[in-house]
Amino acid sequence: KLDGGTTDVPSEIGPNLNYYDPSVDGPGDLGNVQFVPGRFNSAASVGSGDYYPTSRVRALVLRDLRKVLSPERGTIAVWYKEKERPVPYEHNNYLIFGGGFDLFPPVQFQNSVDGVNPKTLQFIIQFGGERQLVDALFSPPLNEWVHIAAVWDRRGIDGTSETARLYVNGNWVGATTAN
Numbered sequence: 001k002l003d004g005g006t007t008d009v010p011s012e013i014g015p016n017l018n019y020y021d022p023s024v025d026g027p028g029d030l031g032n033v034q035f036v037p038g039r040f041n042s043a044a045s046v047g048s049g050d051y052y053p054t055s056r057v058r059a060l061v062l063r064d065l066r067k068v069l070s071p072e073r074g075t076i077a078v079w080y081k082e083k084e085r086p087v088p089y090e091h092n093n094y095l096i097f098g099g100g101f102d103l104f105p106p107v108q109f110q111n112s113v114d115g116v117n118p119k120t121l122q123f124i125i126q127f128g129g130e131r132q133l134v135d136a137l138f139s140p141p142l143n144e145w146v147h148i149a150a151v152w153d154r155r156g157i158d159g160t161s162e163t164a165r166l167y168v169n170g171n172w173v174g175a176t177t178a179n
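Here the sequence shown stands for residues 1 to 179, numbered as in the numbering used here.
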C-alpha cells in the first residue's frame, strides 16, 4: 500500500525472471546468486565471487522489459536490504532493478553515490523519449528490509500532474511532472 495506505498495488513477478546469462543478456559478469532469508520467504542476493571494481554484476534479470512493461503506466516495487554502504569507485551504485550499467532499460532503480552528491535513490524512466529522473535522499538502515516503489502514469497519477512518483516504505519521497 502506498500513499499512507490509500493506494493498493498488486504484487506480481514478471515473466522471464531468470538468472543472468552473458550469452543471452549481453556483456557483464555473472553474479553468483545466493539465496538468503528475505522479507517474506527467500531473497536473491549476489554471493561472493572474484569481482573487480568496474564489474557489472547481475544475479537476476527480467528479459524483454519493453515487452513486459507499459510505457503508459506501471509500478515497480521491490524489497531491498543494504548490507554495506555504497562507496564511490569501490562499491559504486547499487543497481536494484535494471540499473545504470544496462543499455538503456526503460525503467531502473539504483542507490547512487558519486563522492560529490549525497546518496540518492534514483528512479529513471525512458521508453524511447527523453530520460526522466526522480530521486530522493536515501540512507536506509543497514541490514533492514526497505520497501521501494516507483509508479508512473503519463496521464497523471491520481488526478495530479505528477507522472512519476518514488516511494520508500509506502511514503512519497519524490515526483516529476515530466512526460
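Beta carbons: idealized from backbone N, C-alpha and C, even for Gly.
Terminal residues of the alpha helix (DSSP H) in which valine 87 lies: Taking the sequence shown and counting its residues from 1, one reaches residue 87 at position 87. Element bounds for valine 87: n/a, residue is neither H nor E.
Cutoff 7 Å; reference threonine 177; Cβ partners in own chain excluding five residues on either side: For the purposes of this step, residue 177 is taken as the residue at position 177 of the sequence shown. Counting only Cβ-Cβ distances below 7 Å, and skipping sequence neighbours, we find Ser161, Glu162 and Thr163.
Leucine 142, DSSP secondary structure in three states: Sequence index remark: in the sequence shown, residue 142 carries index 142 (1-based). Leucine 142 falls in the coil class under three-state DSSP.
Limits of the unbroken alpha helix (DSSP H) element including arginine 66: Along the sequence shown, read from residue 1 onward, the residue named residue 66 stands at position 66. Residues 65-68.
Per DSSP, cross-strand counterpart(s) of proline 37: Residue mapping note: residue 37 aligns to position 37 of the sequence shown, counting from 1. In DSSP, proline 37 forms a bridge with Ser42.
Proximity test, valine 168 beta-carbon vs the ligand FAD heavy atom, cut-off 8 Å: For the structure depicted, the ligand FAD is absent and the ligand set is empty, with no information on it obtainable.
Leucine 69, buried or exposed, once every other Cβ within 10 Å from all chains shown has been counted against 16: Here residue 69 refers to the residue found at position 69 of the sequence shown. So leucine 69 ends up on the buried side.
Cutoff 6 Å; reference valine 173; Cβ partners in own chain excluding five residues on either side: Residue mapping note: residue 173 aligns to position 173 of the sequence shown, counting from 1. The residues are Ala136 and Leu166.
C-alpha gap between histidine 147 and serine 23, whole angstroms: Here residue 147 corresponds to residue number 147 of the sequence shown, with the count starting at 1. Here residue 23 corresponds to residue number 23 of the sequence shown, with the count starting at 1. Histidine 147 and serine 23: Cα-Cα distance of roughly 32 Å.
Beta-bridge pairing of glycine 174 - partner residues as DSSP gives them: Indexing the sequence shown from 1 puts residue 174 at position 174. Looking at the DSSP assignment, glycine 174 forms a beta bridge with Leu166.
Among Ser139, Asn179 and Arg154, the one whose alpha carbon lies nearest that of tyrosine 94: The residue you call residue 94 lines up with position 94 of the sequence shown. Among Ser139, Asn179 and Arg154, the Cα nearest to that of tyrosine 94 is on Ser139.
Beta-carbon proximity of asparagine 143 to glutamate 82, cut-off 9 Å: On the sequence shown, residue 143 is found 143 positions in, with the first residue counted as 1. On the sequence shown, residue 82 is found 82 positions in, with the first residue counted as 1. Yes; because the gap between Cβ atoms is below 9 Å, this pair is in contact.
N-terminal and C-terminal residue of the beta strand (DSSP E) that arginine 155 is part of: Translated into the one-based positions of the sequence shown, residue 155 becomes position 155. Run containing arginine 155: none; DSSP gives neither H nor E here.
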